[in-house]
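In my numbering, the protein residues as written are 5 to 147.
Only one structure is covered here, and it is reproduced in the block below.
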């Protein structure tokens, strides 16, 4: 009985040793494979181009309530987006200013009818929308 116990114990130890060695080899291979992709995980995301931001802004405008009062080329309740693009130079300062007006709303620049506030919009999304509007006259963003 002692011999049987010793044989089973040795077989268990040998089995454990073989499994452990094989396991660490596989773990090493996995680590090496993982290292090949680690650059992708830590790489900085590519900055969006102005054209990409304008396209995102157009999508935001198309999916919002802007069309209730504004049209790309015709005056409805508020000015046509093309009129806004002609009035304001396409600069970062004007993008920021118009984004603020989109978020806060306002009145007086285009008549007495106030523009509804859009407080649920983020500054970034409002800036994309402003970039789209200011691009409608063909002007490129100036620094």
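We put the CB at the ideal spot given by N, CA and C, even for glycine.
Values in this document were obtained by computation on a predicted structure and should not be read as measured data.
* Could you tell me the boundaries of the alpha helix (DSSP H) in which residue 57 lies? => Start at 1 with the first residue of the chain shown, and residue 57 comes out as number 53. 54 to 66 is the extent of the alpha helix (DSSP H) around residue 57.
* **Nonlocal neighbours in the same chain, by C-beta distance under 8 Å from residue 108, ignoring five residues either side** => Indexing the chain shown from 1 puts residue 108 at position 104. Same-chain partners within the cutoff: 121, 123.
* To do: Please confirm if the stretch 103 to 117 is in contact with the stretch 138 to 145, defined as three or more CB-CB distances below 8 Å between the two stretches.
  => no
* Cβ shell of residue 100 (< 6 Å), same chain only, five flanking positions each side left out -> As a position in the chain shown, residue 100 is number 96, starting the count at 1. Closer than 6 Å at the Cβ level, and outside the excluded window around residue 100, lies no residue.
* To do: Would you decide whether residue 81 is buried or exposed? Buried here means 16 or more other CB atoms lie within 10 Å of its CB.
  => Locating residue 81 in the chain shown gives position 77, counting from the first residue. Answer is exposed; the Cβ neighbour count stays below 16.
* Assign residue 50 to one of three DSSP states: helix, strand, or coil. => To locate residue 50, count along the chain shown from 1; it is residue 46. If DSSP states are grouped into helix, strand and coil, residue 50 belongs with coil.
* **DSSP-derived helix/strand/coil call for residue 4** => Lying outside 5 to 147, the shown extent of the chain, residue 4 is not represented and no answer is given.
* To do: From the DSSP output, in three-state form, read off residue 131 for me.
  => As a working mapping, residue 131 is identified with position 127 in the chain shown. Helix.
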